[in-house]
Amino acid sequence: MYDGGKIIIGLLIFLAFATFPFYSNIGKSVAKPEPSLDTPVIKALEKKECVESKDFMRRNHMQLLIEWRDSALRDAKRDYVNSKGKHFRISLQNTCMKCHSNKKKFCDECHGYAAVDPYCWDCHFVKEGGR
Amino acid sequence: MGAMVSLVAVLVLILIAYVGVKVLSLQALFGVFIPYLAVLTFFVGFILRILKWARVPVPFHIPTTCGQQKSLPWIHYSRIESPAGTWGVVVRMAMEVLLFRSLFRNLKTELHDGPKLAYGWEKWLWLGGFVFHWSFLIVLLRHLRFFTQPVPGFVKIMDAVDGFLQIGSPHLLMTGVTLLAAVTYLLIRRFYIPQVRYISLPADYFPLFLIFGIASTGILMRYFLKVDIIKVKELTLGLASLSPKVPDGIGAIFYVHIFLISTLFAYFPFSKLVHLGGVFLSPTRNLANNSRMKRHVNPWNYPVKVHTYEEYEEEFRDKMKMAGIPVEKDEPETAEADSEESEGKE
């Protein structure tokens, strides 16, 4: 091999970077996030239903929230009709957070896991004592 | 023709993954087995390829330079364009690898009436390549959020900076868009410029279509079709921690995306994409331009049997003298005569 030392060092540096996800995770087991629905308001609900289906909310809540924001703040329309024809008042604080009053155990559970940092809280206030 | 073959190949790959997941429910195959196989192929193939190249000697000293070589002390030389030592080479390589300096020198050549040859400004290829490579790197590093827990700070910072425009939700990540735009440009360039189209092969089109497919499925998945990202991360984190699991209910678009990426990984070491490693092994770039200071010996030189003039004259001196051919070293009768003659010559 010609210049073998340099090439092998280069190759090792590359491998050290490229295999980072493997060796940084080996032997670790991370529990999957379990967003908690354990709030007084949800407990008191007869039918535990969000504004849309659970599957829809899991995949699309971010888009729904941004549409709600635009609708409420830009068009001053605060009425949302869901896929079943039920009406909801568009409000993060008074509709979403009324049931899901446990931001830390509900929102942050998955957002922390997926490393997503939504900017809801740049404007909105979290009731449960600070962020 | 090459483009059609490549396009069809990528479409078939997409179809394979879609049918495999939607119809045959082979989630474990496309989500675990193939990605592992592809990554293994990538690492083993990449290492073997580099070691293979490392065994190839460089017969000639061939740095391509575009500056004054180091020679006499009062002649100013170009330290980076024509590096004389290791540091110059390191800087030159860094500029090549990080900034694509040689592409920046690209010119447009035109023949006008006269005939006159004209060179014009042509930075589009540099710009396209630059945007493409850097976007791809950032996109790749951003994906570390699916393969680490806790996610390293730099990945979060990258995500925040990349999405700082705060367009929509999930927020628009600029590099995804620029990657798709750049790869589209690089593809259209191959169709549009006749000379480039003429030299383009399936090996050129296929990676472009493949990366186009990867970027567009990623964008589709994030902004339009939507998948349950928590389940996706469960799968990807399982892959990284070597304890794979396949959660139910991840959309087919995810499997298409990961299958195209697996293809890219597996294809990588056997294609021109290994310029990732090859750029560091280019003798035209990584050699110092010091051929006036150091002799470059071809490593495969073997000892050649030579017959020097001295030996030749030794052998035929008598015959040469008899034929009146001048000889360098006359058979000295006495030491004195020899020295006299040599003085006389001077």
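So the protein sequences, as listed, match chains Y and S.
Using my numbering, the letters of the first sequence correspond one by one to residues 781 to 911.
Using my numbering, the letters of the second sequence correspond one by one to residues 5 to 350.
For glycine and all other residues, C-beta sits at the position ideal for the given N, C-alpha and C.
A quick note: this is a predicted structure, and the numbers were derived from the prediction, not measured.
Closer than 8 Å to chain S by CB, residue 831 (chain Y):
Numbered from its first residue, the first sequence carries residue 831 (chain Y) at position 51. Chain S contact via Cβ: absent.
Is the beta carbon of residue 132 (chain S) sitting closer than 8 Å to the one on residue 190 (chain S)?
What you label residue 132 (chain S) is simply residue 128 of the second sequence in a count that begins at 1. What you label residue 190 (chain S) is simply residue 186 of the second sequence in a count that begins at 1. Yes, these two residues count as a Cβ contact at 8 Å.
Residue 221 (chain S) versus chain A: which residues are under 8 Å apart at the beta carbon?
In the structure shown, chain A cannot be found, because the protein chains are Y and S.
Can the beta-carbon of residue 150 (chain S) be found less than 8 Å from the beta-carbon of residue 25 (chain S)?
Counting from 1 along the second sequence, the entry for residue 150 (chain S) is found at position 146. Counting from 1 along the second sequence, the entry for residue 25 (chain S) is found at position 21. Not closer than 8 Å, so no.
Can you say whether residue 64 (chain S) is buried or exposed, counting buried as having 16 or more other CB atoms within 10 angstroms of its CB?
Along the second sequence, one-based indexing puts residue 64 (chain S) at 60. So residue 64 (chain S) ends up on the exposed side.
Measuring CB atoms only, is the segment 810-820 of chain Y touching the segment 870-883 of chain Y, in the sense that at least three cross pairs come out at less than 8 Å?
yes
For residue 269 (chain S) and residue 45 (chain S), believed in contact at Cβ under 8 Å, the rounded distance:
Start at 1 with the first residue of the second sequence, and residue 45 (chain S) comes out as number 41. Start at 1 with the first residue of the second sequence, and residue 269 (chain S) comes out as number 265. That pair is a contact at about 7 Å.
Nearest to residue 902 (chain Y) by alpha carbon, out of S:170, S:109, S:97?
Residue 902 (chain Y) sits at position 122 when you count from the first residue of the first sequence. Among S:170, S:109, S:97, the Cα nearest to that of residue 902 (chain Y) belongs to S:170.
Amino acids of chain Y, ordered along the chain, whose beta-carbon sits closer than 8 Å to that of residue 151 (chain S):
Position 147 of the second sequence, counting from 1, holds the residue named residue 151 (chain S). Under the 8 Å cutoff, chain Y gives 801, 805.
Assuming the contact rule is C-beta atoms closer than 8 Å, residue 146 (chain S) and residue 177 (chain S) should be a hit. Round their C-beta distance to whole Å, please.
As a working mapping, residue 146 (chain S) is identified with position 142 in the second sequence. As a working mapping, residue 177 (chain S) is identified with position 173 in the second sequence. So it is a contact: roughly 7 Å between Cβ atoms.
Are residue 216 (chain S) and residue 187 (chain S) touching if we call contact CB-CB under 8 Å?
The residue you call residue 216 (chain S) lines up with position 212 of the second sequence. The residue you call residue 187 (chain S) lines up with position 183 of the second sequence. It is a contact, given that the beta carbons lie within the stated cut-off.
For residue 897 (chain Y), return the contacting residues in chain S, with the cut-off set at a CB-CB distance below 8 Å.
On the first sequence, position 117 is the one that residue 897 (chain Y) refers to. Result: 160, 163, 164.
For residue 234 (chain S), return the contacting residues in chain Y, with the cut-off set at a CB-CB distance below 8 Å.
On the second sequence, position 230 is the one that residue 234 (chain S) refers to. Simply 812, 813, 838, 890, 893, 894.
Cα-Cα, which of S:166, S:127, S:122 is closest to residue 138 (chain S)?
Against the second sequence, residue 138 (chain S) aligns to sequence position 134. It is S:166 whose Cα lies nearest to the Cα of residue 138 (chain S).
At a Cβ threshold of 8 Å, is residue 168 (chain S) touching chain Y?
Position 164 of the second sequence holds residue 168 (chain S). Chain Y, which has no Cβ nearer than 8 Å to the Cβ of residue 168 (chain S), makes this no.
When you compare only the Cα positions, how much space is there between residue 123 (chain S) and residue 798 (chain Y)?
Counting from 1 along the second sequence, the entry for residue 123 (chain S) is found at position 119. Counting from 1 along the first sequence, the entry for residue 798 (chain Y) is found at position 18. Cα to Cα, the separation comes out at about 41 Å.
With contact counted as at least three CB pairs below 8 Å, one residue from each stretch, are the segment 251-266 of chain S and the segment 223-235 of chain S in contact?
yes
Determine which residues of the segment 834-865 of chain Y have a Cβ less than 7 Å from any Cβ of chain S, and write them out in chain order.
838, 839, 840, 842, 843, 845, 846
Can you give me the Cβ contacts of residue 867 (chain Y) inside the same chain, cut-off strictly under 8 Å, excluding the 5 residues immediately before and after it?
Position 87 of the first sequence, counted from the first residue, corresponds to residue 867 (chain Y). 859, 860, 861.
When the Cα of residue 271 (chain S) is compared with those of S:214, S:34, S:57, S:300, which residue comes out closest?
Sequence index remark: in the second sequence, residue 271 (chain S) carries index 267 (1-based). Residue S:214 is the option with its Cα nearest to residue 271 (chain S).
In chain order, what residues of the segment 128-158 of chain S put their CB closer than 7 Å to some CB of chain Y?
148, 149, 151, 152, 153, 155
According to the Cβ coordinates, are residue 787 (chain Y) and residue 66 (chain S) closer than 8 Å?
For this step, residue 787 (chain Y) is matched to residue 7 along the first sequence. For this step, residue 66 (chain S) is matched to residue 62 along the second sequence. In this structure, residue 66 (chain S) does not lie closer than 8 Å to residue 787 (chain Y) by Cβ.
I'd like to check one pair, residue 277 (chain S) with residue 174 (chain S): are the Cβ atoms closer than 8 Å?
Counting from 1 along the second sequence, the entry for residue 174 (chain S) is found at position 170. Counting from 1 along the second sequence, the entry for residue 277 (chain S) is found at position 273. Taking 8 Å as the Cβ cut-off, residue 174 (chain S) and residue 277 (chain S) do not qualify as a contacting pair.
Under a Cβ-count criterion, where at least 16 other Cβ atoms within 10 Å of its own Cβ denotes burial, should residue 162 (chain S) be classed as buried or exposed?
In the second sequence, counting from the first residue as 1, residue 162 (chain S) sits at position 158. Buried: at least 16 other Cβ atoms inside 10 Å.
Can a CB atom of chain Y be found closer than 8 Å to the CB of residue 284 (chain S)?
As a first step, residue 284 (chain S) must be located in the second sequence, where it is residue number 280. Output row for residue 284 (chain S): interface = yes.
What's the call for residue 70 (chain S), buried or exposed, on a 16-neighbour Cβ count within 10 Å?
The residue given as residue 70 (chain S) occupies position 66 in the second sequence. Exposed, because fewer than 16 other Cβ atoms sit within 10 Å of the Cβ of residue 70 (chain S).
Going by the beta-carbon positions, is the gap between residue 6 (chain S) and residue 206 (chain S) smaller than 8 Å?
Within the second sequence, the letter at position 2 stands for residue 6 (chain S). Within the second sequence, the letter at position 202 stands for residue 206 (chain S). In contact: residue 6 (chain S) and residue 206 (chain S) (Cβ atoms closer than 8 Å).
Span of the beta strand (DSSP E) holding residue 114 (chain S)?
One-based indexing of the second sequence puts residue 114 (chain S) at position 110. Element bounds for residue 114 (chain S): 111-116.
Taking one C-beta from the segment 289-305 of chain S and one from the segment 71-90 of chain S each time, how about it: are there three or more such pairs within less than 8 Å?
yes
Could you tell me the distance, in whole angstroms, from the CA atom of residue 889 (chain Y) to the CA atom of residue 802 (chain Y)?
For this step, residue 889 (chain Y) is matched to residue 109 along the first sequence. For this step, residue 802 (chain Y) is matched to residue 22 along the first sequence. Distance between the alpha carbons of residue 889 (chain Y) and residue 802 (chain Y): 24 Å.
Helix, strand or coil for residue 125 (chain S) per DSSP?
The residue labelled residue 125 (chain S) in the question sits at position 121 within the second sequence. It is a strand residue.
Considering only DSSP beta bridges, list what residue 869 (chain Y) is partnered with.
For the purposes of this step, residue 869 (chain Y) is taken as residue 89 along the first sequence, with counting starting at 1. DSSP lists Y:859 as partners of residue 869 (chain Y).
N- and C-terminal bounds of the alpha helix (DSSP H) containing residue 57 (chain S):
Here the question's residue 57 (chain S) lines up with position 53 in the second sequence. Where residue 57 (chain S) is concerned, the enclosing alpha helix (DSSP H) stretches over 38-58.
Given that a residue counts as buried once 16 or more other Cβ atoms are within 10 Å of its Cβ, and exposed if not, what is residue 37 (chain S)?
Here residue 37 (chain S) refers to the residue found at position 33 of the second sequence. Answer is exposed; the Cβ neighbour count stays below 16.
Using a beta-carbon distance below 8 Å, is residue 816 (chain Y) in contact with chain S?
Residue 816 (chain Y) sits at position 36 when you count from the first residue of the first sequence. For residue 816 (chain Y), the answer is no, since every Cβ of chain S falls outside 8 Å of its Cβ.
Secondary structure at residue 120 (chain S), three-state DSSP: helix, strand or coil?
Residue 120 (chain S) sits at position 116 when you count from the first residue of the second sequence. DSSP places residue 120 (chain S) in strand when its eight states are reduced to three.
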